Amino acid sequence: MSSRTGYTQDGKESEHCLENTGPRRFLVIEQDCGNVDEQSAVLLHLAERAPLALAVHSGSKSIHGWFTTAGQPEDRLRRFMRYAVSLGVDRATWPRSQFVRMPGGTRDNGNPQVVYFFNPGVCR
778 MSSRTGYTQD GKESEHCLEN TGPRRFLVIE QDCGNVDEQS AVLLHLAERA PLALAVHSGS
838 KSIHGWFTTA GQPEDRLRRF MRYAVSLGVD RATWPRSQFV RMPGGTRDNG NPQVVYFFNP
898 GVCR
């Protein structure tokens with residue numbers, strides 16, 4: 778976050794808006810379809826095109842893949858996301874202000890958000 782609050786596109790003050798986000802450091806990819814093995818296969822395939830830093834289980838049914846984006850032009854990230862969506866990824870995580878599952882977090886129902894994969898070498 779670049780500030781505690783910002784303004785939504787409707788001009789309302791909010792703690793959750795695009796205006797109060799900083800530059801993108803990660804693009805988080807989420808899938809709601811397929812089992813854990815199928816979702817993992819998609820993430821590994823995407824990792825051939827962009828550096829996969831982290832994979833976090835949502836504590837429910839999906840795995841969130843965190844791809845490092847530092848220094849990448851926005852148009853390249855858009856193309857990557859468009860390709861990911863063509864593979865069944867949810868486009869909802871494209872906005873920088875979208876909430877995603879955090880590594881080591883806990884869902885409302887108490888289920889842990891377990892880290893399945895971590896590659897610190899790609900984090901800058």
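In this note's numbering, the protein residues as written are 778 to 901. C-beta: ideal position from N, C-alpha, C; glycine also. All values derive from a computational prediction rather than experimental measurement.
For the 8 Å CB-CB criterion, Ile806 and Leu821 do not form a contact. A direct Cα-to-Cα measurement between Thr782 and Tyr893 gives close to 33 Å. Under DSSP, the beta-bridge partners assigned to Asp867 are Glu807. Taken in chain order, the complete beta strand (DSSP E) segments of 3 or more residues contained in the region 811-845 are 829-834 and 840-845.
Val862 and Leu854 have their C-alpha atoms roughly 12 Å apart.
In the pairwise beta carbon analysis, the region 826-833 is classified as not touching the region 862-874: fewer than three pairs are separated by under 8 Å. For the options Phe844, Arg856 and Gln786, the alpha carbon positioned closest to that of Gly898 is the one of Phe844. Nearest Cα to Arg873 within the set Leu795, Glu815, Arg856 and Ser791: Leu795. In terms of Cα proximity to Leu823, the closest of Gly842, Arg878 and Asn888 is Gly842. Under the criterion of beta carbons closer than 8 Å, Gly882 and Gln890 qualify as touching, at roughly 4 Å.
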